[in-house]
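Residue numbers are given in the UniProt record's numbering: position 3 of the sequence shown equals residue 3, and the series is strictly consecutive. Reviewing the structure listed below.
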Amino acid sequence: MNIKRWAALIAAIVLLIISIGVNTLMVIVKTNLFSGFDSFVELESQLTETVVEPGSFNERIALLTVDGVIQDVGSSTPWSAVGYDHQMFLASLEQILEDDTVKGVVLSVDSPGGGVIESAEIHKKLVQIKEEKGIPIYVSMGSMAASGGYYISAPADKIFAHRETITGSIGVIMQSYNYSELADKLGIEFETIKSGEHKDMFNGTRPATDEEKAMLQEMINESYEEFVDVVEQGRGISEADVKKIADGRILSGSQAMRAGLVDELGSLEEAIQSLREDYGLEDAELFEYDRDFGTFTSLFMSKLGTIFGPSAEERMLTKLMSSYDSPRLMYLYGQN
């Protein structure tokens, strides 16, 4: 390492020591700097609150946002961020359950959907909030709230959408690539040793048999019926009426309103104002959750990552090697 890199490292270490002293956390590093630093990051990476509109602290409205594919791809760290942070979102819902000052929730959704499990986890928490706390939940749809994006919106007391919002896509999908013919043309042979006839089904190395397709279709049908039940219960629509539009089709916001999937056409601001007026929360504080790693921690880790962290090429290679895109059930519009 050259002199400049040594100097930068020393400066970063000094900055860390100062930050620990300012925050009276010297005990963390008294024996082992790096193991202590892990604890330091953990302590600082807690949910914080940002006031969007000031008001009464005893009556508050939580503004939550789901932006992107609903999939658990890990959480943000001081040196790397993820788009949609599933664990952080679940933590936000759990915090609402424990906070008696929260009197209403506005959920802003801009998502094509995502994983069946992740969507169900959010839906379950939202229903729990309604049942245990008895507070209203309003949804504001952005440019898209399709498939899983609608799944998590369904239990809301009132749903707002823009006229041009893409929503609907009620259904389940599972996809994979079958590249066996291409492999034949390239002279590639797959050598597979398996414990059962279907162990390698739907993995792309051979066509799925009719029996295997039937197995997967049964799984799809079960998740589909669950989706229909969620819409039926959340919107108060009969199963027959839900299934008239639950064939995977997408709908505009205005079409969704005519179908009973949306209550009003309007913006996020109008959804918030409607919640205030409907439940006497005109003076309530509006806030949102965030994850705070601490200014000093973020600065130090960013600097340390620059000095010792992997290069862009190494990060990309690691991502490619660690990704595993096996087929999975998805409440997702436009998967490929």
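Yeah, the Cβ is synthetic: ideal placement off N, Cα and C, and Gly gets one too.
Excluding residues up to 5 positions away in sequence, 69, 144, 146, 147, 149, 332, 333 and 334 lie with their Cβ nearer than 7 Å to the Cβ of residue 112 in the same chain.
The beta carbon of residue 186 is closer than 8 Å to none in its chain, skipping five residues each way along the sequence. A residue is called buried when at least 16 other Cβ atoms come within 10 angstroms of its Cβ; residue 84 meets this threshold and is buried. In the DSSP annotation of this structure, the continuous segment of the alpha helix (DSSP H) that includes residue 228 starts and ends at 210 to 235. The C-beta of residue 267 has fewer than 16 other C-beta atoms within 10 Å across all chains shown, which makes the residue exposed. Taken through DSSP and simplified to helix, strand or coil, residue 291 comes out as strand. Straight across, the Cα-Cα distance linking residue 264 with residue 207 is about 46 Å. Judged by beta-carbon spacing, residue 278 lies beyond the 8 Å limit of residue 48, meaning their Cβ atoms are not closer than that value. In the structure shown, residue 284 falls within a strand segment according to DSSP collapsed to helix, strand and coil. For residue 179, the CB contacts under 7 Å within the same chain, skipping 5 residues up- and downstream, are 204 in chain order.
By the neighbour-count criterion, in which a residue is buried when 16 or more other Cβ atoms sit within 10 angstroms of its Cβ, residue 118 is buried. Distance from the CA atom of residue 93 to the CA atom of residue 66, rounded to whole angstroms, is 12 Å. In this structure, the CA atom of residue 196 is about 57 Å from the CA atom of residue 52. Around the CB of residue 182, fewer than 16 other CB atoms lie within 10 Å, so the residue is classed as exposed. Beta-carbon to beta-carbon, residue 105 and residue 96 are separated by about 6 Å, close enough to satisfy the 8 Å threshold. The Cβ-Cβ distance between residue 190 and residue 271 does not fall below 8 Å. Looking at 62, 275 and 218, the one whose alpha-carbon comes closest to that of residue 101 is 62.
By the C-beta criterion, the stretch 163 to 179 is judged not to be in contact with the stretch 123 to 139, since fewer than 3 inter-stretch pairs fall below 8 Å.
Rounded to the nearest angstrom, the Cβ distance from residue 227 to residue 262 is 17 Å, too far for a contact under 8 Å. Annotated as distal: residue 280 and residue 163, with beta-carbon spacing of 8 Å or more.
Here residue 240 is exposed: its Cβ has fewer than 16 other Cβ atoms, across all protein chains shown, within 10 Å. By the neighbour-count criterion, in which 16 or more other beta carbons inside 10 Å mark a residue as buried, residue 214 falls on the exposed side. A residue is called buried once 16 or more other Cβ atoms fall within 10 Å of its Cβ, and residue 123 is buried on that count. Annotation: residue 122 is outside any beta strand (DSSP E); the continuous alpha helix (DSSP H) that includes it extends over 116 to 133. Between residue 133 and residue 90 the beta-carbon gap is near 16 Å, outside 8 Å, which marks them as no contact. Counting only residues of its own chain and dropping the five nearest sequence neighbours on each side, residue 285 has a CB closer than 8 Å to the CB of 51, 53, 54, 55, 56, 57, 59, 60 and 61. Residue state for residue 243 is assigned as helix, using DSSP reduced to three classes. Rounded to whole angstroms, residue 223 and residue 116 show a C-alpha spacing of 8 Å. Comparing alpha carbon positions, the residue from 258, 107, 201 and 235 closest to residue 216 is 201. Around the CB of residue 258, fewer than 16 other CB atoms lie within 10 Å, so the residue is classed as exposed.
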